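Scroll down for the structure; my scribbles are underneath it.
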Amino acid sequence: MIEWIFVILLVIFLIILFWKYAEQKGEIENRGRELFEGWRSTELETQAKEKAELLFRDWMQQEEKRIREDAIKRSEAVVTGKVTEHLIPFFKDFKYNPKNVRFLGTPVDLVIFDGLSEGEVKNIVFVEVKTGKTANLSTRERQVRNCVQNKNVIWEIIHHKGNED
């Protein structure tokens with residue numbers, strides 16, 4: 003009979019042990035799942051950040067390259083414009099005698115004294131040379147053009163006597 007009690011106690015003990023094992027197993031699985039989900043979330047965030055940083059660096063490099071190329075094009079356009087301003091009197095389609103042209107550069111590029119080299123000035127022409135896609139005048143250039151068109155031009159002689167006592 004003691005053996006039966008011992009067997010029953012052993013069975014009860016095994017049932018309790020199995021029940022505790024099942025509880026612990028569920029908790030361990032839940033905890034393991036939570037840890038895995040946390041790790042996965044962190045890993046995905048890390049990968050996303052790394053990918054974003056890589057894409058940002060690539061974009062920065064491409065943008066810097068584009069900016070440099072644009073700066074080079076603009077610089078080339080400026081140099082081409084400056085060279086053209088100086089050489090335009092020698093182009094075939096320039097209708098004035100190059101001997102009559104004086105380069106100013108700013109606020110107008112050229113002043114042409116039409117007929118000066120022939121001994122009789124017929125006109126004085128202010129010229130702004132434009133190259134490139136647009137031929138818009140700057141504010142200062144428009145102001146000079148408006149003064150000339152409105153005949154707000156004055157001839158003046160300034161006599162400086164120097165250091166005479």
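Heads up: the sequence shown runs through residues 3 to 167, numbered per our numbering. All residues carry an ideal CB built from backbone N, CA and C; glycine is no exception. Quick caveat: nothing in here was measured; it's all calculated off a predicted structure.
Secondary structure at residue i, three-state DSSP: helix, strand or coil?
i      : result
Val155 : coil
Phe128 : strand
Tyr23  : helix
Pro109 : coil
Ile17  : helix
Thr136 : coil
Lys84  : helix
Asn32  : helix
Gly40  : helix
Asn148 : helix
Asp72  : helix
Asp95  : coil
Ile160 : coil
Locate the alpha helix (DSSP H) running through residue i, then write down its first and last residues.
i      : result
Asp116 : Taken as a continuous stretch (DSSP letters only), Asp116 belongs to no alpha helix (DSSP H), being part of the beta strand (DSSP E) at Leu112 to Asp116.
Which residues bound the beta strand (DSSP E) around residue i?
i      : result
Phe105 : Val103 to Phe105
Is the distance from the Cβ of residue i to the Cβ of residue j below 7 angstroms?
i      : j      : result
Val103 : Leu112 : yes
Glu143 : Pro109 : yes
Gly117 : Lys124 : yes
Ser77  : Lys101 : no
Phe128 : Val155 : no
Take the Cβ of residue i as the centre, count every other Cβ of all protein chains shown within 10 Å, and call the residue buried at 16 or more, exposed below.
i      : result
Ile114 : buried
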